[in-house]
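Just add 392 to the spot in the sequence shown (first one is 1) and you have my numbering.
Even glycine gets a Cβ: it sits at the ideal position worked out from N, Cα and C.
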Amino acid sequence: IFIVSFPIWFTNSSANPPLDNLLDFYGITLWLGVIIWLIGFLFETFGDNQLYKFKQDPNNKGKVLDKGLWKYTQHPNYFGEVTQWWGIYVITLAVPFGFISIVGPIFITYMIIKVSGIRLLDKHYEGDDEYTSYKKRTRLFFPWFPKKSK
393 IFIVSFPIWF TNSSANPPLD NLLDFYGITL WLGVIIWLIG FLFETFGDNQ
443 LYKFKQDPNN KGKVLDKGLW KYTQHPNYFG EVTQWWGIYV ITLAVPFGFI
493 SIVGPIFITY MIIKVSGIRL LDKHYEGDDE YTSYKKRTRL FFPWFPKKSK
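In structure tokens form, the structure reads like this:
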């Protein structure tokens, strides 16, 4: 947890918090970081909400959600989570030596993409034809338009 939250710890322990300089370079990094964080928050919130509603419908049992944000990325909730941490990192750039805290967002990005989140889900749905088809036409992590069918 310490590694992931390193940017927050770094910012909070700084003698020059970002709010002291709202209109210079540091202020720009603050606002940019907040915007990035907000995009991540919205992706995670809407993605989780869409998945919750999809799972509540008994007619969807055994089906793959491919509507809403799930049409553009296989994991909008994970993308949102990671984006929030990168937004916090950008805010951290407003404090002296804040760039050092890049370890946090790199670690959480790696863990979600390669270790826990996506990899475990892929193993769970391994061999499911509908999920395999979904994976072929939908971007893995970064949202973008669906791939063209061949």
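- Taking 8 Å as the cut-off, the Cβ atoms of phenylalanine 438 and leucine 461 count as close.
- In the three-state scheme derived from DSSP, where H, G and I count as helix and E and B as strand, lysine 447 is classed as helix.
- Beyond the five residues adjoining it in sequence on each side, tyrosine 481 comes within less than 7 Å, by CB distance, of Pro399, Ser493, Ile494, Gly496 and Pro497 in the same chain, given in chain order.
- Closest by C-alpha distance to tryptophan 478, out of Phe433, Pro535 and Trp429, is Trp429.
- For the 8 Å CB-CB criterion, asparagine 469 and glutamate 436 form a contact.
- Across the set Tyr444, Lys447 and Phe499, the C-alpha of Phe499 shows the shortest separation from the C-alpha of threonine 475.
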